[in-house]
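For reference, the structure is listed below as structure tokens.
In full-length UniProt numbering, the protein residues as written are 1 to 305.
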């Protein structure tokens, strides 16, 4: 590909489809990208096969490596001299090459973070519901710490900081956010890696917007707007009641649009009468849209989906 590009730049450096040098360079570029994607896919497949094969054969050695990784680097050097060095290299290759979002990153992350959850729960800090510890709800890589005072918050953050130092990774103080519910008072700042965590009035956790004022009107209004916009987009793609049966159209809308708009609605809590009325009106509007009825059609004339 480099030679073809060099030849193209030396000859004309034009973007003409009739130029042989330009066409040769573009074809070489496409072939190079295809070969690169193929090589990466083969690498991921081979790494996944090695992981599944070698770990499932002897899990004792795998957990030995994971536990030893918490300790000094000299222990890892001694392990390389033992009989199962191939398994060690496989584990190190996975942690070094698998980026966040890949197929195995979530499972590997759970292996790392499970001890941190247990340590936070055993510290007896944070929030409790009767005898249930609810101080550290975790979903994937989103960690939330719930505490009733600044001292408990700082202790739990310190536990997370020490755990990250032990395992060789870091949390981001800039991306961390601190919400104080209730009346805002002058409080002691919370530090992560000797950097203060910023106080914010709203933040998103596992896709759910949290607000310190405990007002849910903006969240409900956003859900209604999302439902209307996604329904209109899906119908404009060709799923129109004039083309598709309204029953089929309603089924598609229920499966695609409603889950996106009402994601996490189980955790919303109690809604006001105004918010319930907004959701009902949005639902009536969607039913009219699916059946191809005018916007001002009476509700009694609409068949609810």
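Built from N, CA and C at the ideal position, the CB exists for glycine as well.
Since we're looking at a predicted model, the values are computed, not measured.
query, result
"Sequence-distant residues of the same chain with beta carbon closer than 8 Å to residue 146, five excluded per side", "126, 127, 134, 135, 136 and 137"
"Given 8 Å, three or more beta-carbon pairs between the stretch 191 to 207 and the stretch 249 to 261", "no"
"C-beta contact flag for residue 121 and residue 159 at 8 Å", "no"
"Through-space distance from residue 267 to residue 228, alpha-carbon basis", "22 Å"
"For residue 180, three-class secondary structure by DSSP", "coil"
"Assigned exposure category for residue 290 - 16 Cβ within 10 Å defines buried", "buried"
"For residue 171 and residue 113, the rounded distance between their alpha carbons", "12 Å"
"Under the three-state DSSP convention, the category residue 293 falls into", "coil"
"Three-state secondary structure (DSSP) of residue 193", "coil"
"Beta-carbon spacing of residue 179, residue 212 below 8 Å", "yes"
"Rounded C-alpha distance that separates residue 271 from residue 216", "8 Å"
"Residue from 27, 248 and 202 whose Cα sits closest to the Cα of residue 181", "202"
"First through last residue of the beta strand (DSSP E) which encompasses residue 235", "That residue, residue 235, is in no beta strand (DSSP E); its alpha helix (DSSP H) goes 217 to 236."
"Local conformation of residue 239 per DSSP, three classes", "coil"
"Residue range of the unbroken alpha helix (DSSP H) whose run includes residue 202", "Not the alpha helix (DSSP H): residue 202 falls in the beta strand (DSSP E), residues 202 to 205."
"Where residue 306 sits in the DSSP three-state scheme", "This structure does not reach residue 306, given that the chain is present from 1 up to 305, and the question cannot be answered."
"Residue 146 - containing beta strand (DSSP E), residue span", "No beta strand (DSSP E) holds residue 146; DSSP gives it neither H nor E."
"Nearest residue (CA-CA) to residue 124, options 143, 142, 155 and 150", "155"
"Per DSSP, cross-strand counterpart(s) of residue 129", "132"
"For residue 246 and residue 283, the rounded distance between their alpha carbons", "15 Å"
"Any non-hydrogen atom of the ligand MG closer than 7 Å to residue 150 Cβ", "Absence of the ligand MG is noted for the structure shown, with no ligands found whatsoever."
"Spatial distance of residue 76 from residue 169 (CA atoms)", "In this predicted model, residue 76 has a pLDDT of only 43, less than 50, meaning its place in the structure is not dependable; the value taken from the coordinates is given anyway. Taking the straight line joining both Cα atoms gives about 17 Å."
"Burial state of residue 220 (16 or more Cβ within 10 Å)", "buried"
"Residue 269 vs residue 208 beta-carbon contact at 8 Å", "no"
"Reduced DSSP category for residue 163 - H, G, I as helix; E, B as strand; rest coil", "helix"
"Span separating the alpha-carbon of residue 98 from that of residue 174", "With a pLDDT of 46 at residue 98, under the threshold of 50, the modelled position of this residue cannot be trusted; read the value that follows with caution. Going from the Cα of residue 98 to the Cα of residue 174 covers about 24 Å."
"Own chain residues within Cβ distance below 7 Å of residue 226, not counting five before or after", "260 and 261"
"Residue from 3, 176, 210 and 274 whose Cα sits closest to the Cα of residue 224", "274"
"Where the beta strand (DSSP E) through residue 210 begins and ends", "208 to 211"
"Under 8 Å between C-beta atoms of residue 25 and residue 39", "no"
"Rounded separation between residue 34 and residue 164 - CA only", "38 Å"
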